[in-house]
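The sequence shown begins at -8 in our numbering and counts up by one.
Note that CB positions come from ideal geometry on N, CA and C, so glycine has one too.
What you are looking at is a predicted structure, and each value in this text was computed from that prediction instead of being measured.
Working notes, beginning with the structure itself.
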Amino acid sequence: LRKLCDENNILLIFDEVMTGFRLAAGGAQELFGVNADIVTFGKVIGGGLPVGAFAARAEIMDYLAPIGPVYQAGTLSGNPLAMAAGLAMLKELNKNKEVFNSINKKTEYLHKGLNEVLTSANVKFTINRIGSMISVHFSEKPVTDFASAAEANNENFKIFFHGLLKEGIYIAPSAFETWFICDALSYEDLDATIAACGKVAKTLK
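Below, the structure written as structure tokens:
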């Protein structure tokens, strides 16, 4: 993509709303070694508070007012609370880049545990994981896009979600969403999650 965009004078835009500051300090760009021209980010840059942002090379950002002709604004743009939380989060990540190794190891641990208990429950499933992002699909086929996710047994996912909720575990309520693992989760938390998943999996069709 980078090569094609360069050859055709096209801007390469990465949507890092999900992957930014989760796969690595530099997001998917760092992980895959590709630099985009424009990047979008979501609430992770606000420490979880509602905020979004886009970034670009300096010569592109110079098109924005007041330097350039492109006007960009919003009622809550630059909200002080979100900006303060985001700045604190970015400073902490800059000081502690080992946090990415920590959350990746925790996600790998969760992946291994889920694989064991779901296999023991004799249900058809596939687990996708990259960095600290992980998702469970009740399908024996690889899930690589929306169509293959839609073909999974999503009725089982509904049972799985509500069963886990009764066990005190809250996961993303849609089979099409990923789970995000944060460093605040302990290995004891992960063990409890794995055990609950194993218990609920035995009730699936």
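Residue i vs residue j beta-carbon contact at 8 Å
i      : j      : result
Phe129 : Ala140 : no
Ile58  : Asp28  : no
Ala16  : Leu101 : no
Phe171 : Ile162 : no
Ala166 : Phe148 : yes
Phe32  : Val8   : yes
Leu181 : Ile150 : no
Residue closest to residue i, alpha-carbon to alpha-carbon, out of the options
i      : options                       : result
Ala49  : Val30, Ser111, Pro41          : Val30
Gly77  : Pro60, Glu179, Gly39          : Gly39
Val134 : Ala192, Asp174, Glu168, Gly17 : Glu168
Val42  : Met74, Lys193, Asp(-3)        : Met74
Met80  : Phe137, Phe12, Ala166         : Phe12
Thr184 : Asp136, Phe5, Lys103          : Lys103
Boundaries of the alpha helix (DSSP H) in which residue i is found, first to last residue
i       : result
Thr110  : 90 to 111
Met74   : 71 to 86
Phe152  : 145 to 157
Ala19   : 18 to 23
Thr184  : 178 to 192
Ile51   : 49 to 52
Lys196  : It is not in any alpha helix (DSSP H) - Lys196 carries neither H nor E in the DSSP assignment.
Leu(-5) : -7 to -2
Where residue i falls: helix, strand or coil (DSSP)
i      : result
Ala166 : coil
Thr117 : strand
Phe137 : helix
Ile29  : strand
Ile36  : helix
Leu14  : coil
Val61  : strand
Ala56  : coil
Opening and closing residue of the beta strand (DSSP E) in which residue i lies
i      : result
Ile4   : 4 to 6
Val127 : 124 to 128
- Per the contact definition of three or more C-beta pairs closer than 8 Å, is the segment 7 to 27 in contact with the segment 114 to 122? yes
- Query: Per the contact definition of three or more C-beta pairs closer than 8 Å, is the segment 86 to 98 in contact with the segment 61 to 71?
  - Reply: no
- Evaluate the contact criterion for the segment 103 to 111 versus the segment 154 to 168: three or more CB pairs, one atom per stretch, below 8 Å. no
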